[in-house]
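So the structure is just underneath, and the comments pick up after that.
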Amino acid sequence: MSAIEYFIKNIGLVLKLTLEHIEITLIAVAISTVIGVAAGIFITRHQRAAAAVIGVAGVLYTIPSLALFGMLIPFIGIGLKPTLIALVLYSQLALIRNTYVGIIQIDPSIREAGRGMGMSNWQFLGMVELPVALPVIMAGIRTAAVMNIGTATIAAYIGAGGLGWLIFRGIASVNSDQIIAGAVPVIILAVGVDYLFILLERALTPAGLRR
Amino acid sequence: MPPTIIRFDGVSKVYPGGTRAVDDVSFEVFDGECITFVGPSGCGKTTTVKLLNRLVEPTAGSIYLNGQDTAGTDVIALRRNIGYVIQDVGLFPHMTVAQNIALVPRLRGWPERKRYERTEELLHLVSLDPAAFRNRYPHQLSGGQKQRVGVARGLAADPPVILMDEPFGALDPITRTQLQDEFLRLRARLKKVILFVTHDMDEAIKLGDRIAVMRSGRIAQLDTPRKILREPADPFVQNMVGRESGIKLMKLLRIADIMDPAEGMTIPADSLSEAGRRMTEAGKDILLVVDKEGRFQGALSWEQAVRGNRSGGEDLFGRACPTAEAGDRIDATLERMLKHERIWLPVVGEERKLQGVVTMTHFACFFAAGEVPSGEAS
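Line order of the protein sequences matches chains A and B.
For the first sequence, the numbering used here gives the first residue as 50, with consecutive numbering after it.
For the second sequence, the numbering used here gives the first residue as 7, with consecutive numbering after it.
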């Protein structure tokens, strides 16, 4: 089991790359969430823009990642910056759509009651819409996070660092131990984050919405 | 005349497509009044009510609340001053019953202690046990319980005016009747101005001090239930009232409305020995025995009086004489008379004080004329 030997021998490097990978993903998810949730809320207030905004996010989502990196390099260069931009763009569909759907699907009678009782737009958003939509929004964040872990692996190609670096180096030098030492942590990371978010989703779901 | 609380002055709502939802409507609502708005769907009754809390803005005319033009008031403050209860309740699913009820007080910045006490009070008021219901979530409630919470929420900040948009429309008939009865009980306790929308004429008759019958954005007739039943303004209103207006009127009347006062028919319990003589003099077959406070004790027939005189006994009248309450519905009283095989009943009020007598003749007059026999309306 030379892959394990490689792993043990290079534990410092693997850990450093794993942390890098987590860092890239975390920053990307944080930025995407702020932008995506804000955009999602915006289109619930301006429904005529909804189809267009979700459409654009959908188009961005379909662009192959290497092609997107390729498009960004001439303008922004290589490294962390184009990587984050790409990851944020990819995440938008899941975040905008989930935020939008989560809020729009709230029963109209709840909306009417809230307005009729004299809640301001912001009060209704903060006290009713966001808490009720939270499970759906969390599902969007989870999708984005898991996707970002995968896409960030490819971003090593444009010098973003992270576990992808090991995989690409391994491929280039035909070193399957090195490939495995990069691939296995990525898999664990993706599955682990997915599970973590499922737990988080459950914990954040208001008690009244749990059935 | 109580002061005017709400005034609609030539109010219209025309939607961009040209639909006239409300068409030049004017009316006044006085303090303590409950107006029921009734009409077929699309007649503008809900829109009319929503114009008051500005969920719908008028395209013409003015609406005044306590003399102030609502168009000039802050819409958020306006709504927090008007209770709002809707058919689908609209409870916030992530909040407990208590949190739902205390929402407007919370928005108004009431301290927590006061909110808690108010919630307890309101849960009692709508007949929900606070200990059992305070911490429940909406999905753990039945339809009737949800609407009780909805009503409590509408009353939470003690608003002087309450809008109720078909609040009992989605409930099963038994629960609906129950909540209607509780609504009447609540109304007697809380002096509120209520605008109540319903598509059910019977509900409108039962709950409203006045009824606004609406058709295509206009008020066809705004009057008391009795007036609407007896003198519908046009065939449309007549049609809304339906066929059994006499029966509906009967449900509306109380026994006090058709009875005769008991004057000249009573005898104090301490002068029973004179009963026989008095009956013979006045040509009466029956006297009603009352104590010093005027409380009904029983009925005394001429035979009993004469026999009692001979034996010297005072305790000779039938104590188990059935009675009617002054506030009873007259159909319920008729039922009671048939059950006890009586052709007359003494009518008692608070503390069983004797108020009058109702006989089959009163019913016969009522059925014949469809109204109160002359000279009685008390």
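Beta carbons: idealized from backbone N, C-alpha and C, even for Gly.
Partner residues in the beta bridge of residue 13 of chain B, as assigned by DSSP, are B:34, B:70. In this structure, residue 153 of chain B and residue 177 of chain B form a Cβ contact; the two beta carbons are roughly 6 Å apart against a cut-off of 8 Å.
In terms of Cβ geometry, residue 351 of chain B and residue 367 of chain B do not form a close pair [threshold 8 Å].
Using a Cβ-Cβ distance cut-off of 8 Å, the region 117 to 133 of chain A and the region 175 to 190 of chain A are not in contact, since fewer than three pairs of beta carbons, one from each stretch, lie closer than that value.
Apart from the 5 residues on each side of it in sequence, residue 220 of chain B sits with its Cβ closer than 8 Å to the Cβ of 43, 44, 45, 49, 50, 51, 54, 226 in its chain, given in chain order.
Distances from the CA of residue 121 of chain A to each of A:213, A:244, A:159, A:207 were compared; the closest alpha carbon is that of A:207. Sequence-ordered contacts of the region 131 to 150 of chain A with chain B are nonexistent [C-beta pairs closer than 8 Å]. Residue pairing by DSSP places residue 267 of chain B opposite B:362 in a beta bridge. With contacts defined by Cβ atoms closer than 8 Å, residue 109 of chain A and residue 142 of chain A form a contacting pair.
Nothing from the region 59 to 85 of chain A brings a Cβ to less than 9 Å from some Cβ of chain B.
When 7 Å is used as the limit between beta carbons, residue 101 of chain B is near these residues of chain A: 257, in chain order. Setting aside the 5 residues that flank it on each side, residue 92 of chain B is surrounded in the same chain by 171, each with a C-beta closer than 6 Å to its C-beta; the list follows chain order.
Contacts with chain B at 8 Å (Cβ-Cβ) do not include residue 186 of chain A.
Three or more Cβ pairs closer than 8 Å define a contact, and the region 12 to 23 of chain B falls short of that threshold against the region 239 to 256 of chain A. Contact note: residue 90 of chain B reaches chain A through 162, 165, 166, using a C-beta cutoff of 8 Å and chain order. Ranked by Cα distance from residue 309 of chain B, the first of B:292, B:299, B:302, B:298 is B:292. For residue 208 of chain B, no beta strand (DSSP E) segment is defined; the enclosing uninterrupted segment is the alpha helix (DSSP H) at 207 to 213. Bounds of any beta strand (DSSP E) do not take in residue 231 of chain B; it lies within the alpha helix (DSSP H) bounded by 231 to 236. Close partners of residue 159 of chain A in chain B (Cβ separation under 7 Å): 96, 98. In the DSSP annotation of this structure, the continuous segment of the beta strand (DSSP E) that includes residue 89 of chain B starts and ends at 88 to 92. Residue-level contact by beta carbon fails for residue 234 of chain A and chain B, as no gap is shorter than 8 Å. Nearest CB-CB separation between residue 85 of chain B and chain A: below the 8 Å threshold. Chain-order list of chain A residues neighbouring residue 17 of chain B: empty, with the shortest C-beta distance near 18 Å, by a criterion of under 8 Å. In this structure, residue 256 of chain B and residue 164 of chain B do not form a Cβ contact; the two beta carbons are roughly 36 Å apart against a cut-off of 8 Å. Counting C-beta atoms within 10 angstroms of its own C-beta, residue 79 of chain A has fewer than 16 neighbours from the protein chains shown and is therefore classed as exposed. One finds 113 in chain B with Cβ atoms closer than 8 Å to the Cβ of residue 172 of chain A, taken in chain order.
The CB of residue 110 of chain B comes closer than 8 Å to the CB of 166, 167 in chain A, given here in chain order. DSSP places residue 221 of chain B in the uninterrupted beta strand (DSSP E) bounded by 216 to 221.
In the DSSP assignment, residue 101 of chain B falls outside any beta strand (DSSP E), carrying neither H nor E.
Distance from the Cα of residue 312 of chain B is smallest, within the candidate group B:285, B:88, B:201, for B:285.
Taking 8 Å as the cut-off, the beta carbon of residue 72 of chain B is found closer than this to the beta carbon of residue 11 of chain B.
For residue 214 of chain A, the enclosing alpha helix (DSSP H) stretches over residues 213 to 221.
Scanning chain B for C-beta atoms nearer than 9 Å to the C-beta of residue 156 of chain A yields 94, 96, 99, reported in chain order.
For the C-beta of residue 180 of chain A, the chain B residues within less than 8 Å are, from N- to C-terminus, 100. Within chain B, the residues placing a beta-carbon under 7 Å from that of residue 177 of chain A are 98, ordered along the chain. Under a criterion of Cβ atoms nearer than 7 Å, the residues of chain A adjacent to residue 59 of chain B are, in order, 165.
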